[in-house]
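Residue numbers (this note's numbering), protein chains in the order written: chain A, 11 to 181; chain B, 312 to 699; chain C, 371 to 530. Below is one structure, written out as structure tokens; comments come after it.
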Amino acid sequence: MSAKVKEFPGEEVKSADLKAGKVLAIRDRPQAKYVFSAGIAMSKFLNELKKGKILASTCNKCGRIMVPPRIFCEQCFKPTDGWTYAKDTGTINTYSASFVAGDASRLKEPIIVVVVDLDGASPGMGILHTMKEINWKKVKFGMKVKAVWKPEKERTGAITDIKYFKPLEGE
Amino acid sequence: MFGKKRVAVIGAGLTLFRRNMKETGREMCWEASKMALDQAGLELKDIQSVAYGSAPDAFDGIHMKGENMTDSSGAWRKPFSRVYVGGGTGVFTAEAGWWHVASGLFDTCLVVAEEKMSPCQPHPAQAFTTIFDPIMDRPHGTTLIWIFSLEMHRYMHKHGIKKEQIALVSVKNKGNALDHPCAQLGAKITVEDVLNSEIMAWPVQRLDISPTSDGAAAVVLASEDVAKKLTDNPVWIDGVGWCIDSTYWTNRDLYYPDYVECAARMAYKMAGIKNPPKEIDVAEPYDPFDYKELHHMEGLLLCKKGEAPKLTAEGVTQRDGDLPINPSGGLLGVGNPIAAAGLMKVCEIFWQLRGEAGKRQVPGDPRTGLAQAWGDLMQYGSVIVMRR
Amino acid sequence: MSRMSMEKIQDPREIRHWPDHMETDYLYTLGIAGERFFQEIKKNGKIMGAKCKKCRIVYVPPRMYCEKCFGKLEEWMNVGTKGSICTFTVAHIDLNGNKLEKPTIYAMIRINGTDGGLIHKIQGIDPEKVRIGMKVEAVFKPKDKREGSINDISHFKTTK
Chain A
11 MSAKVKEFPG EEVKSADLKA GKVLAIRDRP QAKYVFSAGI AMSKFLNELK
61 KGKILASTCN KCGRIMVPPR IFCEQCFKPT DGWTYAKDTG TINTYSASFV
111 AGDASRLKEP IIVVVVDLDG ASPGMGILHT MKEINWKKVK FGMKVKAVWK
161 PEKERTGAIT DIKYFKPLEG E
Chain B
312 MFGKKRVAVI GAGLTLFRRN MKETGREMCW EASKMALDQA GLELKDIQSV
362 AYGSAPDAFD GIHMKGENMT DSSGAWRKPF SRVYVGGGTG VFTAEAGWWH
412 VASGLFDTCL VVAEEKMSPC QPHPAQAFTT IFDPIMDRPH GTTLIWIFSL
462 EMHRYMHKHG IKKEQIALVS VKNKGNALDH PCAQLGAKIT VEDVLNSEIM
512 AWPVQRLDIS PTSDGAAAVV LASEDVAKKL TDNPVWIDGV GWCIDSTYWT
562 NRDLYYPDYV ECAARMAYKM AGIKNPPKEI DVAEPYDPFD YKELHHMEGL
612 LLCKKGEAPK LTAEGVTQRD GDLPINPSGG LLGVGNPIAA AGLMKVCEIF
662 WQLRGEAGKR QVPGDPRTGL AQAWGDLMQY GSVIVMRR
Chain C
371 MSRMSMEKIQ DPREIRHWPD HMETDYLYTL GIAGERFFQE IKKNGKIMGA
421 KCKKCRIVYV PPRMYCEKCF GKLEEWMNVG TKGSICTFTV AHIDLNGNKL
471 EKPTIYAMIR INGTDGGLIH KIQGIDPEKV RIGMKVEAVF KPKDKREGSI
521 NDISHFKTTK
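Here is the structure:
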């Protein structure tokens, strides 16, 4: 290729030139709003969060207790067999300290992002959440954590009814 | 041999990879496709089918962009299909092209992969926020970099790997890319540069990441009888594999990519490969982040779990090492226009096996090569084994 | 424990929905061919086409390549501002389904002597009177109001 091809096609435009209007461009913002149906399992999950509980579903064939709950077990490909609750404590499976926000802007104080394997669910059954009340450099793999909930009247039935996870007392 | 006909790659084309290209997505597709056709010595009328791949429409900002790209991918009034599996698309599109010919349905297939990420404002990262579950993940303000940083951290923790060891991959690949004519970010950097770069989401730092890019790539596939008439040097696709894991990524242990192993085993079985580290002469695993090259080397069974950093430190993965990895410069150095990046790796293996990779040529007359792509929420693996 | 799949939600107040969006801004470059096409419209009020000599087609809008033979298109020409209505529709509602103040005529206009066309508005005629085949001509905005967009042409008017 390098031997056979003399020039590779393509014309670069510098970001500065684009922003300064030196190259013609069209701006647009498509309308794209959505209202997702939460479905059978997640509707129940959200309603239980409002009550301060974490709903899980069980599969009798593989024996898993699953969070988030689902109406079918994706591994056995059959309907799940019932509901139960996971605890609002768990251990840190993995974590990160993010200095970037969703729109690529920078943050002074990092968001501590965690995957928490919940107690009462099958091993490795994690959920994504954030952590507070700790310096990000002190977070450890396997650390025990507990959910900090919004007061009942502020809960709306959302994953953010749990404000964040904090280190469990005694850690 | 699997399928009704043996399939060869007989031409490859690539555009420059840059942060902003003046060309529209269609113009880039045409540039890469035309080059591939010219290299193969074919005209558009000789192409019987087209397989096109591109990752989210949300980057280009053109809904159903597959349809938008048809005429520029040579598909005017031809059988055309678009495939899309996130980052796995680039290699998977070549596999889709392979089905077209291996099935006996067509003798030729033009495979095109394109991505124009620059239209998405304020930054292409914006488009990635909507891949996450709206109820469980998005309410936290989740951004794509989090899932990588969580995976990288888990991988490091499980095997006790340090950042310095991972940074060597970024140094190698960006250095390799200096010899790639299309590269966006070829550079001579050091481990210190990586460790001193801006912390994005610990442990991910700026120089651990590949850039966002615009670009397109194409290859021409032909059945055995057609290929042998056109060239003395066809490169055969001897193994294909693909696999996807559950979307419940927080229910999985991210330290090891089982789905890549699954796809690799499928491809190795087809290609009759029993000892990958010995039988693969050159490999292009997907490297959107530096740790990913190591992660995927292990998933591809090119070394034991946790062993990839050691091979890198020992120089085994350099171009003149025993197992050259990403001689092109990979995504870290050449650029990451999502789908085109994967197909760029297929192009690289094609040129390497033919001895046409110029300054990037791996010595020792490589005969068996591998390209792999990864995609979605740490879910998808696509693996292709090529031989001369 | 009851079998979950049999257990439908009985009380409609328990059915949950989650609102969200997938909106973001886009900045599209016009491409190699598009940049040239729209610069001619913006600066010179000219509509350009690109010719494929092999296939004997004149493309409007012009492109870098011919879709039929895949050849590079290097011959560009001024195709004038006149054409005819290939097909048209009269819109009574907007993007969001709200009624428009006045119905708007949108047409696919075949530019004379070309195989291409432009989608644009037809003004200065009663929607009831529009017919396929009617001759039309482009009306440009004043030069200082042009930005390098299809809307630099304000509309097409019917001619005799």
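The C-beta atom is built at its ideal place from N, Cα and C for all residues, glycine as well.
Which partner residues does residue i have in the DSSP bridge list?
| i | result |
| --- | --- |
| C/HIS490 | C/ALA477 |
| B/LEU681 | B/ALA594 and B/VAL696 |
| B/ALA478 | None; B/ALA478 has no bridge partner. |
| C/ILE455 | C/ILE479 |
| C/PRO389 | A/VAL45 |
| B/HIS491 | Beta-bridge pairing links B/HIS491 to no other residue. |
| C/THR399 | A/ALA35 |
| B/MET332 | A/GLU22 |
| B/THR691 | Per the sequence presented here, residue 691 of chain B reads as Tyr, with Thr not at that position. In DSSP, B/TYR691 forms a bridge with B/ILE555 and B/GLY686. |
| C/GLY419 | C/MET447 |
| C/ALA461 | C/THR474 |
| C/ILE427 | C/CYS422 |
| C/LYS442 | C/TYR435 |
| A/ILE122 | A/ALA107 and A/MET141 |
| A/ASP127 | A/THR101 and A/GLY136 |
| C/LYS499 | C/LYS499 pairs with nothing; no bridge assigned. |
Can you tell me where the beta strand (DSSP E) holding residue i begins and where it ends?
| i | result |
| --- | --- |
| B/LEU612 | That residue, B/LEU612, is in no beta strand (DSSP E); it is neither H nor E in DSSP. |
| A/TRP159 | 154-159 |
| B/ALA362 | 361-364 |
| A/HIS139 | 136-141 |
| B/CYS420 | 419-427 |
| A/PHE175 | 172-177 |
| B/LEU325 | 318-325 |
| C/PHE526 | 523-528 |
| C/PHE510 | 505-510 |
Exposed or buried, what is residue i when buried is set at 16 or more other beta-carbons lying within 10 Å of its beta-carbon?
| i | result |
| --- | --- |
| C/CYS436 | buried |
| C/ARG501 | exposed |
| A/SER47 | exposed |
| B/ALA319 | buried |
| A/PHE87 | exposed |
| A/LYS150 | exposed |
| B/HIS374 | exposed |
| C/SER372 | Confidence is the limiting factor: at C/SER372 the pLDDT is only 48, short of 50, which leaves the residue's position unreliable and the question unanswerable from this model. |
| B/ALA578 | buried |
| A/LEU128 | buried |
| A/MET11 | Reliability of the predicted coordinates at A/MET11 is poor, the pLDDT of 49 falling under 50, and no value is obtained from them. |
| B/GLU462 | buried |
| B/PHE313 | exposed |
| B/THR453 | buried |
| A/ASN70 | exposed |
| B/ALA528 | buried |
Under DSSP, the alpha helix (DSSP H) around residue i begins and ends at which residues?
| i | result |
| --- | --- |
| C/GLU377 | Where C/GLU377 is concerned, there is no enclosing alpha helix (DSSP H), given that its DSSP letter is neither H nor E. |
| B/LEU355 | It is not in any alpha helix (DSSP H) - B/LEU355 carries neither H nor E in the DSSP assignment. |
| B/MET346 | 336-351 |
| B/GLU378 | 376-379 |
| B/LYS621 | 619-624 |
| B/PHE370 | 368-371 |
In chain F, which residues lie less than 9 Å from residue i when you measure between Cβ atoms?
| i | result |
| --- | --- |
| A/ALA35 | Judged by its chain identifiers, the structure shown contains no chain F, and its protein chains are A, B and C. |
Which runs of the beta strand (DSSP E), 3 residues or longer, sit entirely within the segment 497-550 of chain B?
-> Segments of the beta strand (DSSP E) lying fully in the segment 497-550 of chain B: 510-513 and 525-534.
Segments assigned beta strand (DSSP E), at least 3 residues, entirely inside the segment 61-117 of chain A = The segment 61-117 of chain A contains these whole beta strand (DSSP E) runs: 64-68, 92-96 and 99-110.
Continuous alpha helix (DSSP H) assignments of at least 4 residues falling wholly in the segment 632-683 of chain B | 641-645 and 649-665
Mind checking the segment 385-411 of chain C against chain B and listing, in chain order, the residues whose C-beta falls within less than 8 Å of any C-beta there?
-> TRP388, ASP390, MET392, THR394, ASP395, TYR396, LEU397, TYR398, THR399, LEU400, GLY401, ILE402, ALA403, GLY404 and GLU405
Using a Cβ-Cβ cut-off of less than 9 Å, give me the residues of the segment 92-104 of chain A that come near chain C, in sequence order.
-> GLY92, TRP93 and THR94
Name the residues in the segment 445-468 of chain B whose C-beta lies less than 8 Å from a C-beta of chain C; which are they?
-> Here the close residues are PRO445, ILE446 and ARG449.
Interface residues of the segment 133-152 of chain A facing chain B [CB-CB below 8 Å] | GLY134, MET135, GLY136, ILE137, LEU138, HIS139, THR140, TRP146 and PHE151
For the segment 410-440 of chain B, enumerate the residues whose C-beta is nearer than 8 Å to any C-beta of chain C, in chain order.
-> SER429, PRO430, CYS431, GLN432, PRO433, GLN437 and ALA438
Give the residues from the segment 40-57 of chain A that approach chain C closer than 8 Å (Cβ to any Cβ), ordered along the chain.
-> PRO40, GLN41, ALA42, LYS43, TYR44, VAL45, PHE46, SER47, ALA48, ILE50, ALA51, MET52, SER53, LYS54, LEU56 and ASN57
What runs of the alpha helix (DSSP H), each 4 residues or longer, lie entirely inside the segment 379-461 of chain B?
-> 400-413 and 436-439
If contact means a Cβ-Cβ distance below 9 Å, which residues of the segment 438-467 of chain C contact chain B?
-> LYS438, CYS439, PHE440, GLY441 and LYS442
Mind checking the segment 533-557 of chain B against chain A and listing, in chain order, the residues whose C-beta falls within less than 9 Å of any C-beta there?
-> SER557
In chain order, each beta strand (DSSP E) run of at least 3 residues that lies wholly inside the segment 558-605 of chain B = 593-595
Against chain C: residues of the segment 619-635 of chain B by CB proximity under 9 Å | Residues: none.
Which of the residues in the segment 476-510 of chain C, read from start to end, lie with their CB under 9 Å from any CB of chain B?
-> Result list empty, no residue passes.
Below 7 Å between beta carbons is the criterion; list the residues of the segment 486-500 of chain B that meet it against any residue of chain A, in chain order.
-> PRO492 and CYS493
Report the residues of the segment 413-432 of chain C with a CB closer than 8 Å to any CB of chain A, ordered along the chain.
-> Listed in sequence order: no entries.
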